[in-house]
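Asks: Sharing a structure, written as structure tokens. Questions coming.
Residue numbers (the working numbering), protein chains in the order written: chain A, 622 to 904; chain B, 381 to 599.
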């Protein structure tokens, strides 16, 4: 839609930035886009909205009808085919948007803040629909969002963009657990803020050493910390903790106050490292 | 009031002439004005085919035609009218000035209605690989249809008043009748009947327009 000032946009093997206007127009049909504000035709029914890209691609009528029926089933809008967008809820409108974006069997689905205008519950239902499509159709989904929850729920990889530049890119779990750039750190901090006291206030509460432990995958559910501490004479209390899930990978972070000798704490840290966890003494 | 001077057969004939002028000029106005309005919209700054120079030129031309009072416009383009239709009087001779006056007016209303269309929807259509022509036909016109119907209604009502004025140059119709009998011969009953008929005509046009807007609205 916009020509980049620098860099290139490569989808599959095609460099979109080097296409002519006409070629680009054709190529856009291979990329499905869903929008924050849905951008449906208000004067067309659900069926006609979904059929719109098919009409542009001059799909034969019978094939079009079959494809629209299939898509309505896929996004769970059975029985709403003849309604107009104004008669639908936000979540339903976005489902129409998704069906429309998928109509021409695109190679990539681009979601531009697709859930930002929806309430949390609807967001989750749209996200699980997207995840289902991703798995069922093997379709690459590229999602633009500021909601960390969205990334944690369905993304595999994430790129953090600040001031028009990619400042960080990697697997979601790595970026969330080890944010390197300042923006990423801020975002991650925001998303775990629910459990929220700052480090400095935790510091004032401690009676022993403050230890931060991060774990992911299977170890999340193992009594690793307890075992590690048991081996020493130390005791501990949990000051702050989150256990959550990124897509399918469970992960957690604990801040514990370990009461024991310096040697004990060192042993605990070593033991945790052996178990494949990350542990660092904060104070 | 008695209606001794009213010759009903003549009234109905002239009502027919008014409707004839109105219908024909409305059809041509819609065709020309829609094309002009779409071009104005598309070439506007920041729009699909942004062409500031073309836009400015068209815009000035439209403004010129809209700023000349109809009665003067009608007289000043008489040579053009005569060249086009072979006559500058009667029903036929009144169509060109009516269209020339109403089309730029309608074009502006079309431009405004098209601007009301949600930019996001246009963007979505572009993203789906729609050409500009696809967007005009399948997005802009359907999405702006209630605005366009309202624009046609307003233009039709304006044309009714223009047709009455064309009576001055012997354009025929109810306006002509009112002028000849009501004004020149001072027959107030004829004047009264023609005014009532014009009012009824405008009311009918407005009601039909409003009903169509309601029917096609999907908001």
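The beta carbon of each residue, even a glycine, is placed where N, CA and C say it ideally should be.
These numbers come from a predicted model, not from an experiment.
Would you verify that the beta carbon of residue 595 of chain B is, or is not, closer than 9 Å to some beta carbon of chain A?
Replies: The residue given as residue 595 of chain B occupies position 215 in the second chain. No, no contact with chain A.
Asks: Would residue 574 of chain B pass as a contact of residue 558 of chain B if the rule is Cβ separation under 9 Å?
Replies: For this step, residue 574 of chain B is matched to residue 194 along the second chain. For this step, residue 558 of chain B is matched to residue 178 along the second chain. Yes, they are a contact pair.
Asks: Are the C-beta atoms of residue 761 of chain A and some chain B residue less than 9 Å apart?
Replies: Position 140 of the first chain holds residue 761 of chain A. So, not an interface residue.
Asks: Under the rule that 16 or more other beta-carbon atoms within 10 Å means buried, what is residue 583 of chain B, buried or exposed?
Replies: Against the second chain, residue 583 of chain B aligns to sequence position 203. Per the 10 Å Cβ criterion, exposed.
Asks: Is the Cβ of residue 736 of chain A closer than 9 Å to any Cβ of chain B?
Replies: Here residue 736 of chain A refers to the residue found at position 115 when the first chain is read from its first residue. No, no contact with chain B.
Asks: Kindly say whether residue 627 of chain A, judged by its beta-carbon, lies nearer than 9 Å to any beta-carbon of chain B.
Replies: In the first chain, residue 627 of chain A corresponds to position 6, counting from 1. Not one chain B Cβ lies under 9 Å of residue 627 of chain A.
Asks: Report all residues from its chain with a CB closer than 7 Å to the CB of residue 738 of chain A; omit the five preceding and five following residues, and keep chain order.
Replies: Taking the first residue of the first chain as position 1, residue 738 of chain A is located at position 117. If we look at residue 738 of chain A and ignore the five residues flanking it on each side, its Cβ neighbours are 657, 658, 711.
Asks: For residue 709 of chain A, which residues in the same chain have their Cβ closer than 8 Å to its Cβ, ignoring the five residues on either side in sequence?
Replies: Position 88 of the first chain, counted from the first residue, corresponds to residue 709 of chain A. Same-chain partners within the cutoff: 667, 701, 717.
Asks: Taking 9 Å as the CB-CB limit, is residue 647 of chain A close to chain B?
Replies: As a position in the first chain, residue 647 of chain A is number 26, starting the count at 1. Chain B, which has a Cβ nearer than 9 Å to the Cβ of residue 647 of chain A, makes this yes.
Asks: If we ignore side chains and look at the alpha-carbon of each, how far apart do residue 698 of chain A and residue 689 of chain A end up?
Replies: Position 77 of the first chain, counted from the start, is the residue given in the question as residue 698 of chain A. Position 68 of the first chain, counted from the start, is the residue given in the question as residue 689 of chain A. Cα-Cα distance, rounded: 11 Å.
Asks: Would you kindly report the start and end of the unbroken alpha helix (DSSP H) that includes residue 772 of chain A?
Replies: Here residue 772 of chain A corresponds to residue number 151 of the first chain, with the count starting at 1. Per DSSP, residue 772 of chain A belongs to the alpha helix (DSSP H) from 769-775.
Asks: Going by DSSP, what residue range makes up the beta strand (DSSP E) through residue 856 of chain A?
Replies: Position 235 of the first chain, counting from 1, holds the residue named residue 856 of chain A. First-last of the beta strand (DSSP E) with residue 856 of chain A: 856-867.
Asks: Alpha carbon to alpha carbon, how far is residue 597 of chain B from residue 449 of chain B?
Replies: Your numbering for residue 597 of chain B matches position 217 in the second chain. Your numbering for residue 449 of chain B matches position 69 in the second chain. About 34 Å.
Asks: Cα-Cα, which of A/652, A/633, A/864, A/892 is closest to residue 726 of chain A?
Replies: Translated into positions along the first chain, residue 726 of chain A becomes position 105. Out of A/652, A/633, A/864, A/892, A/652 has the C-alpha closest to the C-alpha of residue 726 of chain A.
Asks: Would you say residue 676 of chain A reaches chain B, if we count a Cβ-Cβ gap shorter than 9 Å as a contact?
Replies: Locating residue 676 of chain A in the first chain gives position 55, counting from the first residue. Closer than 9 Å to some Cβ of chain B, the Cβ of residue 676 of chain A qualifies, so yes.
Asks: Tell me which residue opens and which closes the beta strand (DSSP E) that residue 871 of chain A is part of.
Replies: As a position in the first chain, residue 871 of chain A is number 250, starting the count at 1. Its beta strand (DSSP E) spans residues 870-880.
Asks: Express the C-alpha separation of residue 468 of chain B and residue 571 of chain B in angstroms, rounding to a whole number.
Replies: On the second chain, residue 571 of chain B is found 191 positions in, with the first residue counted as 1. On the second chain, residue 468 of chain B is found 88 positions in, with the first residue counted as 1. For residue 571 of chain B and residue 468 of chain B, the distance between alpha carbons rounds to 25 Å.
Asks: Are residue 417 of chain B and residue 519 of chain B closer than 9 Å when you measure CB to CB?
Replies: For the purposes of this step, residue 417 of chain B is identified with residue 37 of the second chain, where counting begins at 1. For the purposes of this step, residue 519 of chain B is identified with residue 139 of the second chain, where counting begins at 1. Not a contact, by the Cβ cut-off of 9 Å.
Asks: How is residue 659 of chain A classed by DSSP in three states: helix, strand or coil?
Replies: Looking up residue 659 of chain A in the first chain gives position 38. Coil, per DSSP.
Asks: Using a 10 Å radius around the Cβ and a threshold of 16 neighbouring Cβ atoms, would you call residue 837 of chain A buried or exposed?
Replies: As a first step, residue 837 of chain A is located in the first chain; it is residue number 216 there, counting from the start. Under this definition residue 837 of chain A is a buried residue.
Asks: Can you check DSSP and say which residues form a bridge with residue 753 of chain A?
Replies: Numbered from 1 along the first chain, position 132 holds the residue referred to as residue 753 of chain A. DSSP, once it has assigned bridges, lists no residue as partnering residue 753 of chain A.
Asks: Since residue 731 of chain A sits in a beta bridge, which residues does DSSP pair it with?
Replies: The sequence position of residue 731 of chain A within the first chain is 110, counting from 1. According to DSSP, which records beta bridges pairwise, residue 731 of chain A is partnered with A/654, A/763.
Asks: Report yes or no: do the segment 782-789 of chain A and the segment 748-755 of chain A share at least 3 C-beta pairs separated by less than 8 Å?
Replies: Result no; under three Cβ-Cβ pairs closer than 8 Å.
Asks: Report whether the distance from the Cβ of residue 779 of chain A to the nearest heavy atom of the ligand GDP is below 8 Å.
Replies: No copy of the ligand GDP appears in this structure; indeed no ligand is present at all.
Asks: Any residues in the segment 846-859 of chain A with a beta carbon nearer than 8 Å to a beta carbon of chain B? Which ones, in chain order?
Replies: Listed by position, the residues of the segment 846-859 of chain A near chain B (Cβ gap below 8 Å) amount to none.
Asks: Just to confirm before moving on: does the CB-CB distance between residue 885 of chain A and residue 859 of chain A stay below 9 Å?
Replies: Taking the first residue of the first chain as 1, we reach residue 885 of chain A at position 264. Taking the first residue of the first chain as 1, we reach residue 859 of chain A at position 238. Their beta carbons are not under 9 Å apart, which means residue 885 of chain A does not touch residue 859 of chain A by this criterion.
Asks: Hey, how far is the Cα of residue 887 of chain A from the Cα of residue 793 of chain A?
Replies: In the first chain, residue 887 of chain A corresponds to position 266, counting from 1. In the first chain, residue 793 of chain A corresponds to position 172, counting from 1. Computed Cα separation, rounded: 30 Å.
Asks: If you follow the beta strand (DSSP E) that residue 836 of chain A is part of, which residue opens it and which one closes it?
Replies: Position 215 of the first chain, counted from the first residue, corresponds to residue 836 of chain A. Element bounds for residue 836 of chain A: 830-837.
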